[in-house]
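*Asks:* So that we are looking at the same thing, I have put the structure below in structure tokens.
In our numbering, the protein residues as written are 21 to 59.
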């Protein structure tokens with residue numbers, strides 16, 4: 021799923037270092053919005 025979102029493990033790890041745990045919530049919210057816009 022992460023690969024489908026256009027990110028690889030290194031990008032996620034780097035983002036997690038700079039943004040902290042809130043990055044996971046941001047990614048989830050963006051994926052939800054993206055999936056909702058498809059329908």
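We treat Cβ as the ideally placed atom computed from N, Cα and C, and that holds for glycine.
1) With residue 35 as the anchor, note down where its alpha helix (DSSP H) starts and where it stops.
2) Which residues in the same chain as residue 37 place their Cβ atom closer than 6 Å to its Cβ, once the five residues preceding and following it in sequence are excluded?
3) Check for me: the alpha helix (DSSP H) holding residue 53 runs from which residue to which?
4) Thinking residue 43 and residue 35 are a contact (beta carbons under 8 Å), I'd like their distance in whole angstroms, please.
*Replies:* In this structure, then:
1) Unbroken alpha helix (DSSP H) run through residue 35: 29–39.
2) If we look at residue 37 and ignore the five residues flanking it on each side, it has no Cβ neighbours.
3) Residue 53: member of the alpha helix (DSSP H) spanning 42–57, first to last residue.
4) With a Cβ gap of about 5 Å, residue 43 and residue 35 count as contacting.
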